[in-house]
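Let me begin by presenting the structure, written as structure tokens, before commenting on it.
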Amino acid sequence: MANLSAKELSALEDQLNCEQNLVKKFKAYAQAATDPQIKSTCEQIANQHKQHFDTLMGHLY
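For the sequence shown, my numbering gives the first residue as 12, with consecutive numbering after it.
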């Protein structure tokens, strides 16, 4: 693990929480959508935020 300061760890934690919330929101939007195009777009956005989350988690190892 990289030697991160307390401030960096706090910022990373905040961003992880944001990304996690965005994944949940866009998955919910996708489930609620009736238009296939909107459903697909929301699923893609959820996947992008999941990738962001995974990338940020990689900085903790």
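Ideal Cβ placement from N, Cα and C applies to all residues, glycine included. No experiment lies behind these values; they were computed from the predicted model shown.
Do LEU67 and GLU30 have their CB atoms nearer than 8 Å? Going by C-beta atoms, LEU67 is nearer than 8 Å to GLU30.
Need the endpoints of the alpha helix (DSSP H) that TYR40 sits in, please. 17-43
Which residues mark the beginning and the end of the alpha helix (DSSP H) in which ASP46 is found? No alpha helix (DSSP H) holds ASP46; DSSP gives it neither H nor E.
Let me confirm a value: ALA43 is counted as buried when at least 16 other C-beta atoms fall within 10 Å, else exposed. Which label applies? exposed
Contacting residues, own chain, Cβ-Cβ under 6 Å from HIS60 (five flanking each side not counted): GLU30, LEU33, VAL34
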